[in-house]
Amino acid sequence: MKIKILIVDDEKNITDMMVRYFSFEGYDVTGCNDPVEALEMIKNDNYLICILDIQMPKLNGTDLLKEIKLYNGMIGVIMMTAYATTENVLTCLRRGAETCFLKPIDDLEGIKKYVDNVVKRFNDWQNLIIQLKGSSSSTGNDVLGGKL
Amino acid sequence: MKNEFAWFDKFAHDLRNRLNGVVGMSQIMLMEDINSEMQEHVSRILKSGNDILVMIDNKQRNLSSNVIEDETANNFTNISTERLHRSFSNQPPSGKGEPVLVIDDEIENLEVLVTSLVKEGYLVETAQSFEEAIKKIEIKTPDIILLDVILPGLSGYEACQKFKSEKKWADIPIIFLSGVTALEGRLKAYESGGTDFILKPFYVPEVLAVVNTQISLIHAKKELQKYANSLENLVKERTDQLIHSDRMASLGMMSAGLAHEINNPLTFVKGNVMMLKKFEQDIRALVESPQNSLDPKKSAFIVKEMPKALDEMLMGIDRISTIISGLKMFARQDTSEQIAVTLTGAVEDALTLVRSELKNKVEVINTLEKNLPLISGNLSQLTQVFVNLFVNAAHSMAERKPSILKIESKVISNSILILVSDTGCGISKENLEKIWNPFFTTKPKGIGTGLGLSIVHGIIREHQGDISVESNLGEGTTFKLSFPILRKTNEN
Numbered sequence: 413m414k415i416k417i418l419i420v421d422d423e424k425n426i427t428d429m430m431v432r433y434f435s436f437e438g439y440d441v442t443g444c445n446d447p448v449e450a451l452e453m454i455k456n457d458n459y460l461i462c463i464l465d466i467q468m469p470k471l472n473g474t475d476l477l478k479e480i481k482l483y484n485g486m487i488g489v490i491m492m493t494a495y496a497t498t499e500n501v502l503t504c505l506r507r508g509a510e511t512c513f514l515k516p517i518d519d520l521e522g523i524k525k526y527v528d529n530v531v532k533r534f535n536d537w538q539n540l541i542i543q544l545k546g547s548s549s550s551t552g553n554d555v556l557g558g559k560l
Numbered sequence: 026m027k028n029e030f031a032w033f034d035k036f037a038h039d040l041r042n043r044l045n046g047v048v049g050m051s052q053i054m055l056m057e058d059i060n061s062e063m064q065e066h067v068s069r070i071l072k073s074g075n076d077i078l079v080m081i082d083n084k085q086r087n088l089s090s091n092v093i094e095d096e097t098a099n100n101f102t103n104i105s106t107e108r109l110h111r112s113f114s115n116q117p118p119s120g121k122g123e124p125v126l127v128i129d130d131e132i133e134n135l136e137v138l139v140t141s142l143v144k145e146g147y148l149v150e151t152a153q154s155f156e157e158a159i160k161k162i163e164i165k166t167p168d169i170i171l172l173d174v175i176l177p178g179l180s181g182y183e184a185c186q187k188f189k190s191e192k193k194w195a196d197i198p199i200i201f202l203s204g205v206t207a208l209e210g211r212l213k214a215y216e217s218g219g220t221d222f223i224l225k226p227f228y229v230p231e232v233l234a235v236v237n238t239q240i241s242l243i244h245a246k247k248e249l250q251k252y253a254n255s256l257e258n259l260v261k262e263r264t265d266q267l268i269h270s271d272r273m274a275s276l277g278m279m280s281a282g283l284a285h286e287i288n289n290p291l292t293f294v295k296g297n298v299m300m301l302k303k304f305e306q307d308i309r310a311l312v313e314s315p316q317n318s319l320d321p322k323k324s325a326f327i328v329k330e331m332p333k334a335l336d337e338m339l340m341g342i343d344r345i346s347t348i349i350s351g352l353k354m355f356a357r358q359d360t361s362e363q364i365a366v367t368l369t370g371a372v373e374d375a376l377t378l379v380r381s382e383l384k385n386k387v388e389v390i391n392t393l394e395k396n397l398p399l400i401s402g403n404l405s406q407l408t409q410v411f412v413n414l415f416v417n418a419a420h421s422m423a424e425r426k427p428s429i430l431k432i433e434s435k436v437i438s439n440s441i442l443i444l445v446s447d448t449g450c451g452i453s454k455e456n457l458e459k460i461w462n463p464f465f466t467t468k469p470k471g472i473g474t475g476l477g478l479s480i481v482h483g484i485i486r487e488h489q490g491d492i493s494v495e496s497n498l499g500e501g502t503t504f505k506l507s508f509p510i511l512r513k514t515n516e517n
């Protein structure tokens with residue numbers, strides 16, 4: 413099963429670029445330019461990882477982060493921002509973001525590393541559930557809740 | 026009305042002129058340093074002259090039915106001789122060579138006026154007719170004109186009007202010399218543009234008082250004009266400064282928005298270029314593969330140029346990024362707090378940060394003590410200040426010997442001074458005021474953003490400090506920074 417990534421930024425060129433990169437790296441990645449729509453997509457599909465811009469109209473990234481975590485705490489959320497104020501970054505971390513990248517993004521490889529961390533964590537978690545529950549339930553769906 | 030005594034009028038007129046001369050000259054004698062006996066005698070002569078004038082007036086009134094054109098306006102009859110010669114007290118002359126023009130066709134009047142005005146220190150020219158006056162004025166414009174009401178050919182009032190109608194002479198004050206005491210005469214004088222009156226026979230202190238007053242008025246006007254001009258210049262300077270700082274403030278605000286706007290496209294351009302670099306290997310393989318249908322020369326070119334093109338794109342992007350960071354710092358998005366810090370820490374951190382720029386190229390002499398007095402500041406901003414100054418110093422000393430960066434401190438009353446000097450190429454006089462301007466730089470294209478010193482200036486201002494620069498082309502530059510020392514107050 414391929415890991416699904418959702419990229420959310422109001423700028424289409426940015427989502428296109430990141431989709432291009434992560435596709436090339438072998439991920440199942442989708443871009444979305446509307447944060448409200450993005451939340452719907454997340455609730456109706458199984459994205460393991462979300463990469464969010466902070467400054468967006470209608471719903472900003474930090475609030476979207478909160479909504480995602482409320483829906484499913486397992487989803488790894490990586491933030492991107494041009495405004496690196498201590499306040500911004502702290503809020504994101506407190507709300508459970510994996511990390512905050514500064515725009516202009518210097519380092520796509522770095523983001524990929526965080527994505528891989530989340531994937532590894534998810535796999536480790538899965539293995540732990542399997543061990544806990546024995547070999548009968550292989551997906552651990554009930555324990556974890558939500559859709560996986 | 027028939028005037029059978031017209032001959033007497035003419036005779037009276039001539040007599041009066043001579044007697045005005047006697048009265049006038051006596052006064053000039055009284056102004057000299059003569060003993061009291063002489064003073065007594067001269068005053069008597071003056072009074073006699075005056076008496077004759079009065080006699081002439083009276084006779085003329087009896088005989089003639091015409092209005093007397095020039096009666097004895099100043100009558101010394103009732104003034105004691107003692108009081109008269111007392112009034113000529115020795116006062117220092119007020120004139121400083123200001124040009125005065127006296128226009129009168131009677132020689133006796135001219136003599137009295139010229140002698141007394143020259144004694145007072147003025148530069149006096151005379152004219153006996155309107156035409157002669159014009160000639161004299163064309164040569165040198167007088168500060169003041171004394172004008173008789175009776176001139177050959179035209180009246181003084183007409184002459185006055187002519188002067189006033191000429192733009193270049195309209196501002197010269199005109200003093201009438203008149204024997205006419207009737208209000209009619211004075212009205213005419215003021216109507217034609219006259220400024221003041223001197224009555225005949227001349228009372229010399231009065232003549233001098235009138236002229237001195239007008240001259241000091243002219244001086245006062247000149248001073249006022251000078252002040253007005255310098256005030257205007259000052260206002261213009263201040264306005265320019267205000268506009269400049271307003272533009273700076275707007276630039277600051279714009280920069281924040283601009284930085285954000287540019288960040289986004291920068292993000293995806295860089296990301297996409299990095300993607301292309303990822304494709305590079307595969308593309309190269311394709312291009313180099315023997316099965317491709319590309320012209321071999323073309324293939325070779327692509328293989329050679331593609332990585333270069335991509336790298337140059339990345340370099341350009343990085344340069345833009347640096348400028349944006351500089352711009353963001355300039356806009357000062359983060360209002361950072363200030364605490365008690367010592368400048369030693371900032372300087373040492375800065376030296377560490379620029380170590381690579383300085384290593385093996387610049388000799389650093391840092392004489393700052395460990396316990397410098399505390400100032401209120403933001404350590405990272407202060408470090409930035411020194412980083413910028415040190416990097417500039419290093420750049421100015423590239424390829425130069427000696428290459429010395431010196432950092433010293435001085436405590437003066439309640440300020441601490443830090444001096445950063447280099448032995449670099451120096452700053453030219455014309456550039457000295459411009460160095461603080463954003464984007465002003467003398468470095469080659471691609472090196473630095475030109476924002477370094479404007480950021481330094483802003484940070485120092487936020488720390489209530491001051492920064493100045495001294496420089497000699499070809500020798501080096503010294504920056505002097507001063508900060509107020511932090512004093513613990515009882516309110517803490």
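Chains V and F, in that order, are what the protein sequence lines are. The opening residue of the first sequence carries number 413 in the working numbering; numbering runs sequentially from there. The opening residue of the second sequence carries number 26 in the working numbering; numbering runs sequentially from there. Every residue gets a Cβ at the ideal spot worked out from N, C-alpha and C, and that includes glycine.
ALA152 (chain F): not part of any alpha helix (DSSP H); member of the beta strand (DSSP E) spanning 148-152, first to last residue.
Of all C-beta pairs linking the region 395-406 of chain F to the region 362-371 of chain F, three or more are shorter than 8 Å, placing the two stretches in contact. Collapsing the DSSP output to three states places GLU521 (chain V) in a helix. By the rule that beta-carbons nearer than 8 Å mark a contact, ALA450 (chain V) does not touch chain F. With a threshold of 8 Å between beta carbons, PRO447 (chain V) makes no contact with chain F.
The contact set of THR292 (chain F) on chain V, defined by CB atoms closer than 7 Å, consists of ILE426, LYS515, PRO516 and ILE517 in chain order.
Per the coordinates, the alpha-carbon of GLU163 (chain F) lies some 42 Å from the alpha-carbon of THR102 (chain F).
Going by DSSP, GLU62 (chain F) is part of the alpha helix (DSSP H) stretching over 61-88.
Taken atom to atom, the span from the alpha-carbon of LYS459 (chain F) to that of LEU142 (chain F) is near 56 Å. When only Cα atoms are considered, ALA375 (chain F) and SER453 (chain F) end up about 27 Å apart.
Between TRP194 (chain F) and ASP168 (chain F), the alpha-carbon positions lie close to 10 Å from each other. Note that the C-beta distance between ASN45 (chain F) and PRO226 (chain F) is below 8 Å.
When rounded, the separation of the alpha-carbon atoms in ASN60 (chain F) and ASP173 (chain F) is 34 Å.
Only ASN297, MET299, MET300 and LYS303 from the region 297-322 of chain F bring a Cβ to less than 7 Å from some Cβ of chain V.
Within chain V, the C-beta atoms nearer than 8 Å to that of HIS285 (chain F) come from GLN467, ALA494 and TYR495, in chain order. The beta-carbon of TYR526 (chain V) is placed no less than 8 Å from the nearest beta-carbon of chain F. Distance check between GLU479 (chain V) and each of V:MET453, V:ILE426, V:LYS525 and V:GLU499 places V:MET453 closest, using alpha-carbon atoms only.
DSSP places ASP34 (chain F) outside any beta strand (DSSP E); the residue lies instead in the alpha helix (DSSP H), whose first and last residues are 31-56. Scanning V:GLY443, V:ILE523 and V:GLY508 for the CA closest to the CA of GLY485 (chain V) turns up V:GLY508. For SER479 (chain F), the enclosing alpha helix (DSSP H) starts and ends at 477-487. At a beta-carbon threshold of 7 Å, the residues of chain F lying near MET430 (chain V) are GLY296, ordered along the chain. In this structure, the beta-carbon distance from SER217 (chain F) to GLN239 (chain F) does not fall below 8 Å. Contact between VAL379 (chain F) and ALA419 (chain F) holds, since their C-beta atoms are separated by about 7 Å, short of 8 Å.
Non-local beta-carbon contacts of PHE155 (chain F) in its own chain, meaning distances under 7 Å to residues more than five positions away in sequence, involve LEU176, GLY178, LEU179 and ALA184 in chain order. Under the Cβ criterion (8 Å, minimum of three pairs), the region 288-296 of chain F counts as touching the region 416-428 of chain V.
By the neighbour-count criterion, in which 16 or more other beta carbons inside 10 Å mark a residue as buried, GLU145 (chain F) falls on the buried side. Those residues of the region 319-350 of chain F placed with their C-beta closer than 7 Å to a C-beta in chain V are SER346, ordered along the chain. Excluding the 5 residues flanking it on each side, TYR459 (chain V) has same chain C-beta neighbours closer than 7 Å at LYS416, ILE417, LEU418 and ILE487, in chain order.
For GLU433 (chain F), there is no enclosing alpha helix (DSSP H); the residue is found in the beta strand (DSSP E) stretching over 429-437. Excluding its 5 nearest sequence neighbours in each direction, ASN413 (chain F) has C-beta neighbours in its own chain below 6 Å: GLY477 and VAL481, listed in chain order.
If you ignore the 5 residues before and after THR392 (chain F), its C-beta comes within less than 8 Å of the C-beta of LYS431, ILE432, GLU433 and SER434, all in its own chain and listed in chain order. In this chain, the alpha helix (DSSP H) harbouring PRO447 (chain V) covers 447-455. With a beta-carbon spacing of about 7 Å, ILE463 (chain V) and MET492 (chain V) fall inside the 8 Å limit used to define contacts. By the neighbour-count definition (other C-beta atoms within 10 Å, threshold 16), PHE201 (chain F) is a buried residue. A Cβ-Cβ separation of about 7 Å places PRO463 (chain F) in contact with GLY475 (chain F) under the 8 Å criterion. The beta-bridge partner set that DSSP reports for LEU442 (chain F) consists of F:LYS435 and F:SER507.
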